[in-house]
Amino acid sequence: MSEIKITYFPVKALAEPIRMLLKYGNINFDDNRFQQENWPNIKPDMPFGQVPIYEEAGRIAHQSIAITRYVAKKVKLVGDSDWENLEIDSVVDTINDLRQKIAYYWYEQDAAVKESRKGPLIEETLPFYLTRLESIAEKNNGHFALKKLTWADIYFTGLLDYLNFMLGTNMIEKYPNLQAVANNVRSVPAIKSWIETRPQSDL
Ligand SMILES: N[C@@H](CCC(=O)N[C@@H](CS)C(=O)NCC(=O)O)C(=O)O
Numbered sequence: 026m027s028e029i030k031i032t033y034f035p036v037k038a039l040a041e042p043i044r045m046l047l048k049y050g051n052i053n054f055d056d057n058r059f060q061q062e063n064w065p066n067i068k069p070d071m072p073f074g075q076v077p078i079y080e081e082a083g084r085i086a087h088q089s090i091a092i093t094r095y096v097a098k099k100v101k102l103v104g105d106s107d108w109e110n111l112e113i114d115s116v117v118d119t120i121n122d123l124r125q126k127i128a129y130y131w132y133e134q135d136a137a138v139k140e141s142r143k144g145p146l147i148e149e150t151l152p153f154y155l156t157r158l159e160s161i162a163e164k165n166n167g168h169f170a171l172k173k174l175t176w177a178d179i180y181f182t183g184l185l186d187y188l189n190f191m192l193g194t195n196m197i198e199k200y201p202n203l204q205a206v207a208n209n210v211r212s213v214p215a216i217k218s219w220i221e222t223r224p225q226s227d228l
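Sequential numbering from 26 applies to the sequence shown in the numbering used here.
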């Protein structure tokens with residue numbers, strides 16, 4: 026039994042950047058994936074009724090970005106100054122903004138409303154965000170900040186399969202510098218090995 030435990034659905038999505046960072050740092054953890062049908066029993070015990078949650082030494086934390094940042098500090102993929110951390114955080118929050126806009130389309134229950142959101146998302150929202158992120162990645166030589174690997178790169182790459190699943194397309198196909206960010210993360214030996222051995226899931 027590891028000291029650290031992550032509890033989440035059996036998917037990558039919001040937990041995957043946390044898992045990748047722990048693997049990067051060679052930190053053991055209990056990868057606690059529960060089946061969808063058990064969720065109603067688990068939900069009431071979650072701090073705010075949602076997952077992922079992170080447990081360490083008998084303490085419990087929620088909110089995926091806060092947890093990701095906490096683990097990034099442990100494995101030293103943060104900046105050296107407040108300004109450097111601001112640079113990283115602002116990219117992470119921008120990626121999260123994009124995730125929420127994609128989710129606003131994907132999780133809509135009314136089929137007609139969902140369809141009406143697709144055009145503006147694909148034609149306006151995605152190019153708006155991706156061209157700007159592409160330019161940041163170009164200036165940082167295939168990274169999102171500080172011209173080196175930081176947790177912003179891992180946050181993006183960890184979420185990518187989830188975002189692509191919701192969109193039904195490879196959203197970075199036309200963005201070589203965003204591909205470079207993902208390739209740089211995926212070629213880190215510990216992360217490469219995790220990707221090859223982790224439980225398979227579409228999102
Ligand atoms: N802001 C939260 C959002 C967490 C969230 O939306 N979790 C979803 C899974 S991705 C969830 O628990 N859904 C089940 C529910 O709300 O009942 C975070 O980043 O951790």
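Here a beta-carbon is modelled for each residue, glycine too, at the ideal position from N, C-alpha and C.
Treat the numbers as computed from the prediction; the structure is a model and nothing was measured.
Span of the alpha helix (DSSP H) around residue i
i: Ala205; result: 201–211
i: Gln225; result: Premise fails: Gln225 is in no alpha helix (DSSP H) and is neither H nor E.
i: Val138; result: 136–145
i: Ser115; result: 107–131
i: Phe190; result: 176–192
i: Thr150; result: Thr150 -> no alpha helix (DSSP H), and no H or E assigned at all.
i: Ile43; result: 41–49
i: Asn66; result: 64–67
Integer-rounded CB distance, given that residue j should sit under 8 Å from residue i
i: Tyr180; j: Thr93; result: 6 Å
i: Leu184; j: Val36; result: Wrong, their Cβ atoms sit about 11 Å apart, outside the cutoff.
i: Thr182; j: Arg211; result: 7 Å
i: Lys99; j: Gly50; result: 6 Å
i: Pro77; j: Ile31; result: 6 Å
i: Gly104; j: Ile113; result: 6 Å
i: Ala215; j: Lys48; result: 5 Å
i: Met191; j: Leu155; result: About 15 Å separates the two Cβ atoms, so there is no contact after all.
One or two residues paired with residue i in a DSSP bridge
i: Lys32; result: In the sequence on display, residue 32 carries Thr and not Lys. Paired residues: Asn57, Ile78.
i: Gly85; result: The identity of residue 85 in the sequence shown is Ile, whereas the question assumes Gly. Looking at the DSSP assignment, Ile85 forms a beta bridge with Glu80.
Closer than 8 Å is the cut-off here; do at least three beta carbon pairs connect the stretch 156–164 with the stretch 191–211?
Two segments are said to touch when three or more pairs of C-beta atoms, one from each, lie closer than 8 Å; by this definition the stretch 156–164 touches the stretch 191–211.
Cβ pair count under 8 Å reaching 3, the stretch 168–179 against the stretch 206–215
yes
Any chance you could list the residues with Cβ under 7 Å from a heavy atom of ligand 1, keeping chain order?
Phe34, Ala38, Leu39, Trp64, Lys68, Gly74, Gln75, Val76, Pro77, His87, Gln88, Ser89, Ile90
Does the stretch 147–155 come close enough to the stretch 55–74 to have 3 or more Cβ pairs within less than 8 Å?
no
Does the stretch 73–88 come close enough to the stretch 124–135 that 3 or more CB-CB pairs lie under 8 Å?
As far as the Cβ criterion goes, the stretch 124–135 does not touch the stretch 73–88, which means the pair count is below three.
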